[in-house]
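Line by line, the protein sequences give chains A and B. Under my numbering, the first residue of the first sequence carries the number 1, and numbering increases by one thereafter. Under my numbering, the first residue of the second sequence carries the number 1, and numbering increases by one thereafter. Let me begin by presenting the structure, written as structure tokens, before commenting on it.
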Amino acid sequence: MLVLRRKPGESVLIGDGIEVQILGVEGDTVKLGFSAPPDIQILRKELVESILQENLEAGKRPPNQEQLRRLLDTFPKLDSKQERV
Amino acid sequence: MHQAANAPVPVRTVHSRAYGDFQVTEDQIYHFPRGLVGLHEYRDYALIRVEEGPFHLLHALNDELSFILLPAHLAADPYGFRIDDATVELLQIGKPEDVAVFVIVNAVDDRLYVNLKAPVLTAPASRRGCQFIIDDPDYPIRHPLSGKEGS
Chain A
1 MLVLRRKPGE SVLIGDGIEV QILGVEGDTV KLGFSAPPDI QILRKELVES ILQENLEAGK
61 RPPNQEQLRR LLDTFPKLDS KQERV
Chain B
1 MHQAANAPVP VRTVHSRAYG DFQVTEDQIY HFPRGLVGLH EYRDYALIRV EEGPFHLLHA
61 LNDELSFILL PAHLAADPYG FRIDDATVEL LQIGKPEDVA VFVIVNAVDD RLYVNLKAPV
121 LTAPASRRGC QFIIDDPDYP IRHPLSGKEG S
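Pasting the structure below:
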């Protein structure tokens, strides 16, 4: 891992189009500003990890018969008037 | 029984412990170039409608990994978000109507939830899909699923 010391107002550049600026430091919190091309999604790591956990729970442990039946009962068959997906 | 000339022909069998073996047609096979969040090694899925209802089964072609999906508009209304250019390109779509939006159903302790934070997007024309993370704190990962209760 590369470690750099930066002061508020200073930046680092990652590759061609990504800039991370230190906007300020308040106590134990660092405020960062990001500039990146639109195809780069910037997300908090804990958010991505919590989605991964949810995916694992939902995907590795599919609903049992009873849960499936309840699902199907809760949302009855679509009739022709309802719009399709 | 004779099949109609234009009936879809099963092209492969999916082996599933949870749902038994089933056959899928070409138009039910979707490629997820990036997989799902944290599950990048699984990229090819079958997308099957469950018993004429709104639910769909998204089942990995070569694994037991499977998800129950619900069209997003049945889980939350209003529900809307912007997708970025990279996702538009990945799905090879030209307009919003080209994409179907599903949410993943998760059963936890006998309650049903849907993940509004990270819907599954599928494009029937290109048969590509992805999981998209919505940058909006109003959409939770675990939203209680309530149907037409009492009906």
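Glycine included, every Cβ here is placed at the ideal spot set by N, Cα and C. Since the model is a prediction, treat every value here as computed from it, not as a measurement.
Here residue 59(B) is buried: its Cβ has 16 or more other Cβ atoms, across all protein chains shown, within 10 Å. With respect to residue 14(B), residue 69(B) sits apart: the two C-beta atoms are not nearer than 8 Å.
The beta carbon of residue 10(A) lies closer than 8 Å to those of 21 and 22 in the same chain, with the five residues before and after it left out. Taken in chain order, the complete alpha helix (DSSP H) segments of 4 or more residues contained in the region 63-95 of chain B are 72-75 and 85-91. Going by C-alpha positions, residue 65(B) is about 11 Å away from residue 46(B). Taking a 10 Å sphere around the C-beta of residue 103(B), we find 16 or more other C-beta atoms and assign the residue as buried. Per DSSP, the continuous beta strand (DSSP E) segment holding residue 20(A) begins and ends at 18-26. Inter-residue distance for residue 98(B) and residue 72(A) is about 26 Å (C-alpha atoms, whole angstroms). Contact check for residue 140(B) against residue 116(B) passes: the beta carbons are separated by less than 8 Å.
In the three-state reduction of the DSSP assignment, residue 51(A) falls in the helix class, which pools H, G and I.
Collapsing the DSSP output to three states places residue 21(B) in coil. Between residue 112(B) and chain A, the shortest Cβ-Cβ separation is below 8 Å.
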